[in-house]
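If you read the sequence shown in the working numbering, its first letter stands for residue 33, the second for the next number, and so on. Think of the CB as a built atom: it goes at the ideal place given N, C-alpha and C, for glycine as much as any other residue. Note that this is a predicted model, so its numbers are computed, not measured. See structure below.
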Amino acid sequence: MPIKSFRAQIADLTVDTISLSTNNGSTGYKIKKFNIISAAPGNTDYEHVVKIYSIPQTTASVDGTIDFSDNTLLGVAYMKEIQSGSNPPTQVIVFDNMVFNQDIYVTHRDMATGEKCNYYIELEQVKLDLNENTVATLKDIRNIASQ
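Here you go:
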């Protein structure tokens, strides 16, 4: 199936919306690739937490907490660089069995100095039959209602 890619720079404490919804909801998506890189690598300290959600987020909800029990979380990436210490490798986790047919929301929090971050997302398009379409849409509605 076709791949759609999205890339952007996102500021600290920001939410980006990636518009995916269609009139009939028969096109679904799965995250195939999710990468991040600092806007100023090597120049400053940073600790980026970038998350992808299936429901709308507010800037007030943007934080560095990662909760895998949140069924609206589609993926998370973590990257840290402290100039005076050792730095762990970038960690990216994508829940690849999740299919969605509505907009997705990318959040960013820099826990260190408030630096910007770049992200790159590849989504695989999947054709949804009527039952899969209904399940994906109802799941989104239920998740929005439960928030």
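S70 is classed as buried because its beta carbon has at least 16 other beta carbons within 10 Å across all chains shown. In the displayed model, L162 falls within a helix according to three-state DSSP. The beta carbons of P34 and Q134 sit about 18 Å from each other, so the pair does not count as a contact at 8 Å.
According to DSSP, G107 shares a beta bridge with I84 and V126.
Comparing alpha-carbon positions, the option among T49, D44 and N119 lying closest to Y137 turns out to be T49. Within the same chain, Cβ atoms closer than 6 Å to the Cβ of T139 are found at V47, K83, Q89 and V94, the five residues on either side in sequence being excluded. Here the alpha carbons of S53 and L162 stand approximately 15 Å from one another. Its Cα nearest to that of P121, the residue E79 stands out among F127, E79 and S58. Per the DSSP secondary-structure output, G60 pairs in a beta bridge with V158.
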